[in-house]
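> Heads up, the sequence shown stops at 1453 in the numbering used here, and the numbers go up one at a time, no gaps. This is the structure, below, for whatever I ask next.
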Amino acid sequence: MKIKKFDLDKLVRNNVKLMSPYSSARDEFTGLSAEMVFIDANENPFQNGLNRYPDPHQNELKEKLATVKKIKKEQILLGNGSDEVLDLIYRAFCEPKSDNVILMPPTYGMYKVLANLNGVYCKEVLLTSGFQLNVSEIIDQIDENTKLIFVCSPNNPTGNEFLEEDIEMILKIFNGIVVIDEAYIDFSNGKSWLTKLIVYSNLIVTQTFSKAYGMASIRLGICYASLEIINILNKIKPPYNVNILTQNAALQKLDDMGIINQQIDEINKNKYLLINELKNIKFIQDIFPSQANFILVRVDDAKKRYDELLMKGIVARNRTKEPLCENCLRFTIGTGREVSLLINTLKQLT
Ligand SMILES: *Cc1c(COP(=O)(O)O)cnc(C)c1O
C-alpha cells in the first residue's frame, strides 16, 4: 500500500457535491432583536418559550464547547446523538452499492447498522486476541473504494484503548477518513485525539453527552474535524437537528464541569473496587482491562449467569455472540450502592 495524498474533494459523494443545502428562514435572516417582527418561518407567534425554531447552527453551544475543548467553533458539528453524526458521515462520503468501510469487531454495533442502512459494504478485520488493532490486515483490506475506517477507542464492548502508534499508522497510510469514536474518552487515562486534528486532515473525532456527561436522554453527539469536513457535513445535516431543549440543557451542563469530573472520579473509583472484588468470584475467568465506564468479564456460562443476575433484578449485557467475546458479560459501573449490590449478588451465585 503506497502512501498517496489525501484529497477530500475525491472522497465526497458526487450528489453531495452538486446539491444545494436547504436554506432555512433563520439562515436567510440572522439578525436577532426582540423588537423585530418575525413573519418569515410560519411559526406560531404566541410566546411560550418554545414557539420559535432553534438556532440551526447552535452557535452559543458551539462557542462554549469550543472554549471547553480548546478548539475552533467552526470545527464542531452537533447531531441528534453520535448516531446521527455517524450517519451523516456515511451519507457524505459513501456511495451506496460501491463504496466500503472497514470495521474492527468486536466493536460498537451502530457502525455496521448504518453501513447496512446506507447500502455500504463492510470489511471486517477482527481485533487481535489481546483486543488490539490488526494493523497490517486493516491496511491490506484498504482498496480504492474504502472511504471510512471506524476506530472506537476506548472500545465498546472490550473497554480497552488501542495503541497510539497503531492508530497513527492507519491515519498516515489511509487516504480516506479515519473516524475515532471517543464516547468513553472522559473515563480514560489516555489522551483525546482532538489535539491531532491539526496534524491529520483525514481525522474525525466523535464524542457524546450520553456517557460521562450524564445526558443520554437529550441526544447530543459531537463531531470534530477540519473546517472542510465540517462544511460538508453542515451542508447535508437536517437544518434543526438539535432542538432547543437539548441546546439549553447542554449549555447548563457545560457550566458545571466540576460535577462531571467528580462523577467520573467516582465511577472510576467504583470500577477499581468492582474489579478487585471480581477477582474473588470463582466463575469469573477473565476481567479485561478497561479505560471506560464498564468492564467486560468472561464467565463460565454467560447465558446462565446473565439469567441468574436478572432473577435478582440486575440487568447486565450479554456479549457472548460477539466475536472474541464468547461467554462475556459487560457490566456498566453504577453508583457505590449498585456496585455493592452486584458484588454481593455475584458472591451468592455458585
Ligand atoms: C454509547 C456510545 C455512543 C453514544 O451514542 P449517542 O448516540 O451519542 O448516545 C457512541 N459510540 C459508542 C462506541 C458508544 O458506546
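All C-beta atoms in this analysis are idealised placements derived from N, C-alpha and C, irrespective of residue type, glycine included. Predicted, not measured: the structure shown is a model, and the values here were computed from it.
What span of residues does the beta strand (DSSP E) with V1254 cover, start to end?
T1249 to C1255
> Between the Cα of I1378 and the Cα atoms of P1392, P1199, K1176 and L1274, which residue gives the shortest distance?
P1392
> Please report the distance separating the alpha-carbon of Y1409 from that of R1194.
37 Å
> Between D1246 and I1276, what straight-line distance do the alpha-carbon atoms span, to the nearest angstrom?
12 Å
> From Q1365 to P1208, what distance separates their C-alpha atoms?
32 Å
> Please report the distance separating the alpha-carbon of R1440 from that of A1319.
21 Å
> Can you tell me whether K1120 is helix, strand or coil according to DSSP?
helix
> Taking the beta carbon of S1201 as the centre, do at least 16 other beta carbons fall within 10 Å, making it buried, or is it exposed?
exposed
> So the beta strand (DSSP E) F1434 belongs to, where does it begin and stop?
C1431 to T1435
> Please work out which residues of its chain come closer than 7 Å, Cβ to Cβ, to E1177, disregarding the five sequence neighbours upstream and downstream, and give them in chain order.
So the qualifying residues of the chain are L1330 and I1333.
> Closest to A1128 by CA distance: which of Y1156, D1110, Y1211 and V1115 is it?
When C-alpha distances from A1128 are compared across Y1156, D1110, Y1211 and V1115, the shortest belongs to Y1156.
> Starting from the Cα of I1307, find the closest Cα among S1185, L1180, S1136 and V1282 and give me that residue.
V1282
> Span of the alpha helix (DSSP H) holding L1376?
M1360 to L1381
> Please state the DSSP three-state secondary structure of N1349.
The amino acid occupying residue 1349 in the given sequence is Thr; Asn does not appear at that position. Looking at T1349 - three-state DSSP - the assignment turns out to be helix.
> Output the distance between the C-alpha atoms of M1104 and L1376, rounded to the nearest integer angstrom.
For M1104, the predicted model reports a pLDDT of 49, less than 50, meaning its position is unreliable; a value from the coordinates is still stated below. C-alpha separation (whole angstroms): 46 Å.
> Around ligand 1, which residues pass a check of Cβ closer than 5 Å to any of its heavy atoms?
G1184, S1185, D1186, Y1211, C1255, N1259, D1284, A1286, T1311, S1313 and G1324
> Leaving aside the five residues before and after M1272 along the sequence, list all residues of the same chain whose C-beta is less than 7 Å from its C-beta, in chain order.
V1238
> Note down, in chain order, each residue of its chain lying with its Cβ closer than 6 Å to the Cβ of T1288, except the 5 sequence neighbours on either side.
Thr is not the amino acid found at residue 1288; the sequence shown has Ile there. So the qualifying residues of the chain are S1295.
> Name the DSSP bridge partner or partners of C1225?
V1204
> Helix, strand or coil for D1389, going by three-state DSSP, please let me know.
strand
> Which runs of the alpha helix (DSSP H) at least 4 residues long sit entirely within the segment 1106-1170? Give them in chain order.
Counting only runs of 4 or more, we get 1111-1114, 1117-1121 and 1128-1131.
> Would you kindly check if the distance between the Cβ of F1253 and the Cβ of D1180 is under 9 Å?
The sequence shown places Leu at residue 1180, not Asp. Not in contact: L1180 and F1253 (Cβ atoms no closer than 9 Å).
> Of all the options L1323, K1382, N1373 and G1222, which has the alpha carbon lying nearest to the alpha carbon of Q1310?
Measuring C-alpha to C-alpha distances from Q1310 to each of L1323, K1382, N1373 and G1222 identifies L1323 as the nearest.
> Does the beta-carbon distance from Y1224 to L1189 come in below 9 Å?
No. Outside cutoff.
> Do G1222 and ligand 3 come close, with the Cβ less than 8 Å from some heavy atom?
As presented, the structure is devoid of ligand 3, carrying ligand 1 as its sole ligands.
> Could you check if T1349 is buried or exposed, using at least 16 other CB atoms within 10 Å of its CB as the buried criterion?
buried
> State the beta-bridge partners of Q1310 as determined by DSSP.
I1325, per the DSSP bridge assignment.
> In the DSSP assignment, the beta strand (DSSP E) including F1397 goes from what residue to what residue?
F1397 to V1402
> Quick check: the segment 1412-1424 against the segment 1432-1446, are there 3 or more CB pairs under 8 Å?
yes
> Check this for me: beta carbons of L1297 and G1279, under 9 Å apart or not?
Not in contact: L1297 and G1279 (Cβ atoms no closer than 9 Å).
> Measure the alpha-carbon distance for L1399 versus M1122 and round it to whole angstroms.
45 Å
> For D1284, which of helix, strand or coil comes out of DSSP?
strand
> Where does R1422 sit, in a helix, a strand or coil, going by DSSP?
Correct three-state label for R1422: coil.
> Using a Cβ-Cβ cutoff of less than 6 Å, which residues in the same chain neighbour N1259 once the five nearest sequence positions on both sides are dropped?
Y1211
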